[in-house]
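Trainee:
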Amino acid sequence: MALLGKMGKAKGPIVVIDIGSRYVKAALFSRVKKELVLTAYALEKVPPDVILGKDIIDRQVLIDKIRDVYAKLGTDSTQAVVSIAGGEVKSKAMVIPYYKKKEKLAEAVDWKIKEELHVDPTEIVRDYEILGVSQIAESVDILVGTAKLSFIYDVLDIVRAAGLEPILVTTDLISLFRVIEALDLKNLPGDNVFLHMGYEVTLLIHIKDGQIQQMVEIPTGVKSYVDNLSRFFDLRVEEAEEVVLNGPTAAIEKSAFDDTMDSLHDRFLSPEKYVPALTEGSRKFNIYLSGGGSRLYGLESFIKSKYGVDIKYLDITTLFSIEEGVRDLKNNAPLLTIVVGSALHFYKKEHKVNLMPVEAGMEALPVVEEVSLLPHIVGALFVWLLILISIIALSLGTSRRISGLKKQIAQLQAEEIELQKKADEIRGFKQEIEDAKRKLDLIAQLQKGRTRYVQLLDEINRVIPSGCWLESLTRSGDVLNISGGAVSNMRISQFMSNLRRSPIVDSVSLLSIEVAGGQEERYANFQLSVKLK
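In this text, residue positions in the sequence shown follow our numbering: the first is 328, and each later residue adds one.
In structure tokens, the structure reads:
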């Protein structure tokens, strides 16, 4: 509740909109004293192909859905906070030098954005807020949000067409960070990974000892699981959406389903794949989940088995009070994390990121007064005279120093030539040593690799079940790619299980499976990725 004590003067009520590819979420919030109050919330399911990723395909259907969800709130307030995400939107924590003047600070921010986000400042709207003093001397940590102007205007047009008036635009990643702050989780010791898993994308924030290390939007979500389960078990999309949360039906073999889900978890939801620092040594980290994907079947046991930690969930219901009449909040709370974070962002006391562009014609032009130029001209001439006298005095003193420095430079250049000769000789010796070491290493690797390949082929021949055959084996480092076929999915599942039990195998991932053959002789082609120990 720490963030609630830093709320600004705004009281609301305010409508908060989160436009997702599967649901449009809306909520009505207000502030009573220092407490956030939820008056109403609503969800509207978005038909398939209206939004792909964050690309809006059917504008009119989306406008109608926003109107519908707004009508369910039962309010006359039209002021809205909108949260955005997608490839045109970027959020990042940065370190910049600290300047007291806002103009200098803004210049430093623009330079940093261009350097790290690789965007053209003329094509974006950007805003930032200061998080605090940096660990780097005379610097500050800032939180930056940027979005392409064309994308912002497109979203604003849709929201306005639905009858709402946006007054603040933030990003999904910043809204998730606000929830982390409000739950007092930002300053936890060690590595902490926060994942908000939506239908098509997953938001990831990595914080170490109170410092944001990474904010990234991962292009995988619940839909990635649904698509793979539909192909593997020949399910309709609606059926796959049901089993991905609730587990296999009676028509699906549980062991095969469990192996498939473990493989998909490892493929789509392994934080170290997106935060390379987490792979260093035996580094431990905590995992916090939110979003609709936080309830995926088998996810808790997978995280426990692979990382040796228990999943923790972001409980947003502790961040606000609820008015009478608000129902089913417990079941839908994971879907409202970004909505609640956007409300916290709006009521934040200090300056906060707002990606609302400055509309043309909004600012009044200053009044121009006629001023006499003569006093300014006289003052300028006097200043130039002082500058000229200073330059003459300075040049007389520096000319003597330049003469002495030239002599020192000549001596240093002679010494540099001698040192360069010795350095060349040393480099020659080092090169000979490195060449000899490289040849010895190559001989050792060839000897080791020959034995390794024989052991690998022997082990594969031992574990492959009957009714399963191989078409190709390719190895790249510690990864072995296997292509083959089988008379049934069960044979593939048995092959994967045998491989996992092998002493030379670290993990097995199912890359693809396709049904082939005629009606009478159907078989399955598969591809596996095997990581060797």
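In this text, a Cβ means the ideal position worked out from N, Cα and C, and glycines have one as well.
Just confirm the distance between the C-beta atoms of Thr645 and Leu837, as a whole number of angstroms; I'd bet it's less than 8 Å.
Mentor: Contact doesn't hold; Cβ gap of about 39 Å is too wide.
Trainee: From Ser829, Leu562, Asn852, Arg828, pick the residue whose C-alpha is nearest to that of Ser839; which is it?
Mentor: Asn852
Trainee: Measuring alpha carbon to alpha carbon, tell me which residue in Ser628, Tyr640, Ile384 is nearest Gly619.
Mentor: Of the listed residues, the one whose Cα sits closest to Gly619 is Tyr640.
Trainee: Could you check whether Leu458 and Leu476 sit closer than 7 Å to each other, using their CB atoms as the reference points?
Mentor: In this structure, Leu458 does not lie closer than 7 Å to Leu476 by Cβ.
Trainee: Use the C-beta contact count for Glu544: other C-beta atoms within 10 angstroms, 16 or more gives buried, fewer gives exposed.
Mentor: buried
Trainee: What do you reckon, are the CB atoms on Pro661 and Ser621 nearer than 7 Å?
Mentor: yes
Trainee: So Leu400 and Leu355 are supposed to be a Cβ contact under 8 Å. How far apart are they, rounded?
Mentor: Cβ atoms of Leu400 and Leu355 come within 8 Å of each other, at about 5 Å.
Trainee: I'd like to know whether the C-beta atoms of Ser551 and Ala567 end up nearer to each other than 7 Å.
Mentor: no
Trainee: Whose C-beta lies closer than 6 Å to the C-beta of Lys860 among residues of the same chain, with five residues either side of it excluded?
Mentor: Contacts found: Ile831, Asp833.
Trainee: Phe647 by DSSP, collapsed to three states: which one?
Mentor: coil
Trainee: In three-state terms, what does DSSP make of Val602?
Mentor: coil
Trainee: Expressed to the nearest angstrom, what Euclidean distance is found between the alpha-carbon atoms of Ala583 and Ile532?
Mentor: In a straight line, the C-alpha of Ala583 is about 32 Å away from that of Ile532.
Trainee: Taking the straight line between their C-alpha atoms, what separation do you get for Ile579 and Phe560?
Mentor: Cα-Cα distance, rounded: 8 Å.
Trainee: Can you give me the start and stop residues for the alpha helix (DSSP H) that Asn825 sits inside?
Mentor: 816–828
Trainee: Would DSSP call Glu568 helix, strand or coil?
Mentor: helix
Trainee: Do Pro684 and Val343 count as a contact pair if the criterion is CB distance below 7 Å?
Mentor: No, the pair does not count as a contact, with Cβ atoms beyond the cut-off.
Trainee: Taking the Cβ atom as the reference point for each residue, do Glu456 and Val667 lie within a distance shorter than 7 Å?
Mentor: Contact: no.
Trainee: Note down the Cα distance separating Ile744 from Leu767, rounded to an integer number of angstroms.
Mentor: 35 Å
Trainee: Can you name the start and end residues of the beta strand (DSSP E) that Val496 belongs to?
Mentor: 492–498
Trainee: Check Asp376 in the structure and name its three-state DSSP category.
Mentor: coil
Trainee: Let's test the definition: count the other Cβ atoms within 10 Å of the Cβ of Lys417 and tell me whether it reaches 16, buried, or not, exposed.
Mentor: buried
Trainee: Inspect the CB distances between the segment 514–532 and the segment 486–505 and report whether three or more fall short of 8 Å.
Mentor: yes
Trainee: Can you tell me the Cβ-Cβ gap for Gly625 and Asp585, rounded? I've got them flagged as a contact below 8 Å.
Mentor: So it is a contact: roughly 6 Å between Cβ atoms.
Trainee: Measure the Cβ-Cβ separation of Ile638 and Leu605 and say whether it is below 7 Å.
Mentor: No, they are not a contact pair.
Trainee: Could you give the distance in angstroms between the alpha-carbon of Trp796 and the alpha-carbon of Thr576?
Mentor: Between Trp796 and Thr576, the C-alpha separation is close to 29 Å.
Trainee: Along the chain, where does the alpha helix (DSSP H) that runs through Met588 open and close?
Mentor: 581–595
Trainee: Measure the C-alpha to C-alpha separation of Leu444 and Gly414 and round it to an integer number of angstroms.
Mentor: 12 Å
Trainee: State yes or no: is the C-beta of Val373 within less than 7 Å of the C-beta of Ile384?
Mentor: no
Trainee: Enumerate in chain order the residues of its own chain whose CB-to-CB distance from Val460 is below 7 Å, with the five nearest sequence positions on each side excluded.
Mentor: Val467
Trainee: Tell me the residue span of the beta strand (DSSP E) that contains Gln540.
Mentor: 538–545
Trainee: Measure the alpha-carbon distance for Glu450 versus Leu495 and round it to whole angstroms.
Mentor: Whole-angstrom Cα-Cα distance: 19 Å.
Trainee: Going by DSSP, which residues form a beta bridge with Lys417?
Mentor: Thr473
Trainee: With DSSP collapsed to three states, give me the class of Asp382.
Mentor: strand
Trainee: On the DSSP bridge assignment, give the partners of Phe709 in chain order.
Mentor: Phe709 pairs with nothing; no bridge assigned.
Trainee: Please list the segments of the beta strand (DSSP E) lying wholly inside the segment 775–817, counting only runs of 3 or more residues, in order along the chain.
Mentor: 795–803, 806–813
Trainee: Just to check, is the beta-carbon of Val528 closer than 6 Å to a non-hydrogen atom of the ligand FAD?
Mentor: You won't find the ligand FAD in this model; it holds no ligand whatsoever.
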